[in-house]
Amino acid sequence: MQAVKRLQDWLPNGQTAALVATEHNRRYFTGFPASDGFVLVTKDNAWFMTDSRYIEAAQNAIKHMEVLCYDKALPLLLELMQKSGVTTALVEAELPVCEVRRLREGLAPVSIDDSNTLDDEIGGLRMVKTAEELAAVRRAQALTDAGFAYILPRIAIGRTEREVALDLEFEIRRQGAESVAFEFIVVSGANSSLPHGVPGDKKIEKGDFITMDFGAKVDGYCSDMTRTVIVGEPNDRQREIYNTVLKAQLASLATIAPDVLCRAADAAARDVITAAGYGDRFGHGTGHGVGVQIHEMPRLSPAAPADMRLAVGHLVTVEPGIYIPGEGGVRIEDMAVVTPDGCENLTKSPKELIIL
-11 MQAVKRLQDW LPNGQTAALV ATEHNRRYFT GFPASDGFVL VTKDNAWFMT
39 DSRYIEAAQN AIKHMEVLCY DKALPLLLEL MQKSGVTTAL VEAELPVCEV
89 RRLREGLAPV SIDDSNTLDD EIGGLRMVKT AEELAAVRRA QALTDAGFAY
139 ILPRIAIGRT EREVALDLEF EIRRQGAESV AFEFIVVSGA NSSLPHGVPG
189 DKKIEKGDFI TMDFGAKVDG YCSDMTRTVI VGEPNDRQRE IYNTVLKAQL
239 ASLATIAPDV LCRAADAAAR DVITAAGYGD RFGHGTGHGV GVQIHEMPRL
289 SPAAPADMRL AVGHLVTVEP GIYIPGEGGV RIEDMAVVTP DGCENLTKSP
339 KELIIL
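So in the numbering used here, spot 303 of the sequence shown is number 291, and the numbers just go up one at a time.
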């Protein structure tokens, strides 16, 4: 697997190993889902180790590293490290303090480095998607697009937000997703002003904007899409808000290309919304990376590092929005992968205002 080889090439010497313990990074390096286990990578070898619940499935699924079973993980890890001459193990800084303490005590005399060194390297690897990773994302997004087409005729006055969300989730799972990428957002009317609102018992009414933010997970990789539709004819203000968000989204997509500053891709959308008089109603970033987690680097945001630039293989969402408390909101979100000549939009669902 390319990711393991790239991590091995980065390790400074044979005395330093990478010890991966978080579930999402284990999935990234192994392709295998498990709630328990470790990936140990040295300059010359790589192992995945887990307990008896997963060992048979892991041995059948993982072919690019040795798969081992443990009753107790730390003695096996220490044995492998000592046999390999490892004196320092880099671990993820995001691990809980109690887990780092357990590793320090159980793997002594191996030194445990829980600085950001390993996180930064893995984050850099994960930002650049391989053809295999993008193929999984495309499959996830195809299910997401199909889910949108499925749910449109099933949105009706009197249905609750929760009913629509559950209907949409069931269809995406039925069509073959291993899971959903995150808890779906389906909010209507005044609730659509909540960027991360939770579907509730509010019934859909005539004149409501309905914002749906949803995605599938396929082979460990996520998709992410948002569409806002309306029930009944929109008024002039609703049309203005929707068209402003769409114009902003298209402007940001048009900027995405290699070497473009992440802040500039955000500004392209934000400037449109600000010029229309809604700058104070767009509070979040324009986009984020997507992969084995729904939120990854890079970020399209004013808060992105000043020197962070897009590169070929980066996969980002583009999702500007306008949110007016007590009234409603609009968000439109696609996923785009950076190509040598610009970007490819992986989201195929229509973006013109759909009136139900």
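Beta carbons are placed, not taken as given, at the ideal position from N, Cα and C, and that holds for glycine.
Small disclaimer: the values here were computed from a predicted structure and weren't measured.
query, result
"Which of the three DSSP states, helix, strand or coil, is assigned to Asn48?", "helix"
"State the CB to CB distance for the pair Val219 and Asp247, rounded to an integer number of angstroms; the pair is presumed to be in contact (CB under 8 Å).", "Val219 to Asp247, Cβ: 43 Å. No contact."
"Please classify Val248: does DSSP put it in a helix, a strand, or coil?", "coil"
"Relative to the C-alpha of Gly135, which candidate in Pro338, Glu157 and Ala123 has its C-alpha closest?", "Glu157"
"Please classify Glu351 as buried or exposed, where buried requires at least 16 other C-beta atoms within 10 Å of its C-beta.", "In the structure as shown, the chain begins at -11 and stops at 344. Residue 351 is therefore absent and cannot be evaluated."
"Expressed to the nearest angstrom, what Euclidean distance is found between the alpha-carbon atoms of Gly355 and Glu315?", "Any answer about residue 355 is impossible in this case: the structure gives the chain only from -11 up to 344."
"Buried or exposed: which applies to Ala137, given that a residue is buried once 16 or more other Cβ atoms fall within 10 Å of its Cβ?", "exposed"
"Closest Cβ-Cβ distance between Lys194 and chain B: below 8 Å?", "No chain B is part of this structure, which consists of one protein chain only."
"Would you be able to state if there are at least three C-beta pairs under 8 Å between the stretch 320 to 331 and the stretch 211 to 218?", "yes"
"Could you give the residue range of the beta strand (DSSP E) that holds Ala123?", "Segment Ala119 to Ile139 is the alpha helix (DSSP H) holding Ala123; no beta strand (DSSP E) there."
"Tell me whether Tyr16 sits in a helix, a strand or coil according to DSSP, three-state version.", "helix"
"Which residue or residues does DSSP assign as beta-bridge partners of Val55?", "Phe36"
"According to DSSP, what are the bridge partners of Glu321?", "Thr214"
"Where DSSP assigns a beta bridge to Gly309, which residues make up the other side?", "Arg319"
"So what does DSSP say about Met200, is it helix, strand or coil?", "strand"
"Would you list the one or two residues that DSSP bridges to Glu332?", "Val325"
"Is the CB-CB distance between Arg251 and Ala292 below 8 Å?", "yes"
"Going by DSSP in three states, Lys190 sits in which element: helix, strand or coil?", "coil"
"Mind checking who Gly275 pairs with in its DSSP beta bridge?", "Leu288"
"What is the residue span of the alpha helix (DSSP H) that Ser240 lies within?", "Asp224 to Thr243"
"Determine the direct distance from the alpha carbon of Ala257 to that of Arg(-6), and round the result to whole angstroms.", "35 Å"
"For His272 and Leu28, what's the separation of their Cα atoms in angstroms?", "37 Å"
"Measure the alpha-carbon distance for Arg92 versus Val98 and round it to whole angstroms.", "8 Å"
"Which residues bound the alpha helix (DSSP H) around Leu156?", "Glu149 to Arg162"
"Below 8 Å between beta carbons: does that hold for Leu(-1) and Ala6?", "yes"
"Since I believe Ala61 is in contact with Met37 (beta carbons under 8 Å), could you give me their beta-carbon distance rounded to a whole number of angstroms?", "6 Å"
"Helix, strand or coil for Asp101? Go by DSSP, reduced to three states.", "strand"
"Assess contact between the stretch 275 to 290 and the stretch 201 to 209, defined as three or more Cβ pairs (one per stretch) separated by less than 8 Å. Is contact present?", "yes"
"Check this for me: beta carbons of Val326 and Gly301, under 8 Å apart or not?", "yes"
"Mapping DSSP to helix, strand and coil, what is Ser181?", "helix"
"Alpha carbon to alpha carbon, how far is Phe17 from Arg147?", "42 Å"
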